[in-house]
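Please read the structure below before turning to the comments.
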Amino acid sequence: MDTARLLPLVVAVPLLGAAVLVATGRRLPRLVSDIVGCAFAAATAAMALLVLFRAGHPGPGTYPVEWVGGWRRVGIVLVGDPLGAGLAALVSLLVVAVLVYSWRYFEEPPRRHTGSFPALVLVFQAGMCGFALTGDLFNAFVFFELMGAVAYALTGFRVEEPKPLQGALAFGVVNSLGAYVTLLGITLLYARTGELGFAQIGRRLDAEGPDGLVLAAFVLVTTGLLVKAAAVPFHFWLPDAHAVAPTPVCMLLSGVMVELGVYGVARVYWTVFSGPGGLSHPDFTRALLVLGVLTALLGAVMCWQQRHLKRLLAFSTVAHTGLFLIGVAVLTPEGMSGTALYVLGHAGVKAALFACAGVLLDRYATVDEHELFGRARELPAVGVLFALGGLGLCGLPPFGSGLGKAAAEEAAGHTAGWLPALYVLVSAVTGGAVLRAGLRIFAGVGRRPRDEEEGGPETTGEEEPETGGRLVRIPVPLLAVPAALLAASLALGVIPAVGSAVGRAGALFTDTGGYRRTVLDGHTAAAPAHLPPHWQLTGILLGLLSTALAITLATLAVRRPVHTGTAALLAPVRRLQSGHIGDYVAWLIAGTALLTVLTVPGVR
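Quick note on numbering: the sequence shown equals residues 6 to 609 in the numbering used here.
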């Protein structure tokens, strides 16, 4: 079978599975419904891996391209380039892990709701895979909004509780406004070029030259993508949503959906705006570096200040999003491939940490670091997994997150010599926050914190177990899934073929001319010269340094004898996370203005 024919199926199969579950949900027992959902997700993952194998094959030929319905050049095109296919495979594998984790997680729903959660997750999977594979700007918008609409529903899945509804509402309003901004940018591009395909728009812009309209379109399209990526100052929705969303949903939001926003920024720039008719490389690099540095630093500071574990992990995601944006801003194959590997390793580590937080929530009805002090000594296996996740977040070799961090920070260092230090600092602070929480919760190290210490919006209050009742015995899937995710993240850093494949994917991704020729002309996709991510002495030492700093910070935090006043100093920053939708909308407007200023040629 032609591998290109699998591309539509990667999107269609999970949608079919969702339809089956909705149609039969009232008749199927819960176990059967869960198995059906996992089967459709696994089938999609298998097809995505086949596409990835074909796209990543280093021999002669071109990566798969499918014009749906045979309408060449004017129809919907799906492109299985290695990086897009790899993201689709990552999405699908993580969906399988989440569905397995959820088998014994939620309380038994009413018969009329049986299958509703796996059905929503399958639609979420279809939207994310479609976004990763599409070669059409408007369809990218459609797929992104499909996943967004489902994400709102999943965030507010516990509809009988007010807090999830509030978090879902903030999520929905802010992201919907970002979508409208993106749609306006797409409209401008279509009015200018009469095209909607990435490759077609890029060729037409290069033939006509840049102007103010093209700049406006870039700002509008990129703004919507940065909202989904939770980049500062568009990030406020993410911690609020993570604090109230079901834990399996958080695994998907932080593991892959936010990263797809970063992928979208890179994809749109390289295929549409990177030529002479778009935005110059220095202007794009300046804009993304500023936003990336702000995102990384603010995310790290806020992460350290949290004691609510799900908020802590959410702000960690914001911080690492900043590092991913910096890797994209470098505009080299090495920066792109290093960031791609960083995303892969981070997905496994972050999903595993959320899975551990879910166990704590369902065992003790809280994820407050202070309230849990010493109570989880009885869960040594969960403690080990949580500690390994924290070390992986630090970039400890040989985790895949460590190898990706090493490759990305080396590429960033060629752009600005101080950027590797930022990677080390952000990794140390976010990883240290996780290790600090682990020491207190699972080992009871240090003195019991007082409520006034490290104050701020740490907890949502009156939390209830998502299993309906407190867990007495931890089900096997709740331990096996995070263990498998951490093992996969570790394997990414020790299997040489992974680095080679990701290196080729990054080189093909940044070859704008090669992408256009492959999609529009059917030419062979030959990867330009590139250096794949691999372990070097400098990267190993920086990974060990960030881990040592994280351990030191965590140890000092749990043993410090007096209150330092840091929380009071950072109170104005914490108050920005107000929970008021109007404030978040105002920051979205301010962020759009900032991005406009940063991308205007000659503005510094």
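Ideal Cβ positions, reconstructed from N, Cα and C, are used throughout, including at glycine.
Contact annotation, V563 with G451: C-beta distance approximately 3 Å; criterion of less than 8 Å satisfied. Note: W72 is bridge-paired with V82 in the DSSP secondary-structure output.
The beta-carbon distance between A204 and G269, rounded to whole angstroms, is 16 Å. This is too long to meet the 8 Å contact definition. Following the DSSP letters along the chain, one finds D288 inside the alpha helix (DSSP H) bounded by residues 286 to 310. Counted as a single uninterrupted DSSP element, the stretch harbouring L525 is not any alpha helix (DSSP H), since DSSP gives it neither H nor E. A direct Cα-Cα distance of roughly 33 Å separates G91 from W592.
Relative to C134, the option among E150, F122, S121 whose CA is nearest is E150. Inclusion of T49 and Q130 in the CB contact set at 8 Å is warranted, their separation being smaller than that value.
Boundaries of the alpha helix (DSSP H) around T326: 314 to 334.
Assignment of G498 by DSSP, reduced to helix, strand and coil, places it in the helix class. Distance between L88 and F148, taken at the CA atoms: about 17 Å. Scanning its chain for C-beta atoms nearer than 7 Å, with the 5 sequence neighbours on each side dropped, one finds around P13 the residues E71, V73, L83, in chain order. About 7 Å separates the CB atoms of L513 and G519; that is less than 8 Å, so the two are in contact. Taking each of A46, G22, M52, F58 in turn and checking the Cα distance to A506, the smallest one comes out for F58. Within its own chain, the residues whose Cβ lies closer than 8 Å to the Cβ of A381, once the five positions on either side in sequence are excluded, are L365, R368, Y369, V387, G388, I446, F447, listed in chain order. Less than 8 Å divides the Cβ of L230 from the Cβ of T187. If you check the CB distance, L491 and V333 do not come in under 8 Å. Excluding five sequence positions before and after E264, the CB atoms of its chain that fall closer than 6 Å to its own CB belong to V348, given in chain order.
For the pair T604 and L336, the Cα-to-Cα distance works out to about 15 Å. The Cβ atoms of L99 and A352 sit closer than 8 Å to each other. When beta bridges are read from the DSSP output, T139 appears opposite L83.
Checking the DSSP bridge columns, you'll see D373 partnered with H313. Beyond the five residues adjoining it in sequence on each side, R209 comes within less than 7 Å, by CB distance, of T198, E200 in the same chain, given in chain order. In the structure shown, G449 adopts coil according to DSSP, grouped into three states. Looking at the DSSP output, G202 sits in a beta bridge with D141. Only residues of its own chain outside the window of five on either side were considered, and among them S432, G436, S551, T552, A555 have a CB closer than 6 Å to the CB of C399, listed in chain order. Closest option to M152, judged by alpha-carbon separation, among G207, V96, K168: V96. CA-CA distance, A44 to A124, rounds to 12 Å. In this structure, the straight-line span from the alpha carbon of S285 to that of V224 is close to 13 Å. Burial check for I594: the Cβ neighbour count within 10 Å stays below 16, so the residue is exposed. For R441, the enclosing alpha helix (DSSP H) begins and ends at 424 to 443. For G217, the enclosing alpha helix (DSSP H) starts and ends at 217 to 234. In the structure shown, I479 falls within a coil segment according to DSSP collapsed to helix, strand and coil. G584 places its beta carbon 8 Å or farther from that of P537. The beta carbons of R316 and D373 sit about 10 Å from each other, so the pair does not count as a contact at 8 Å.
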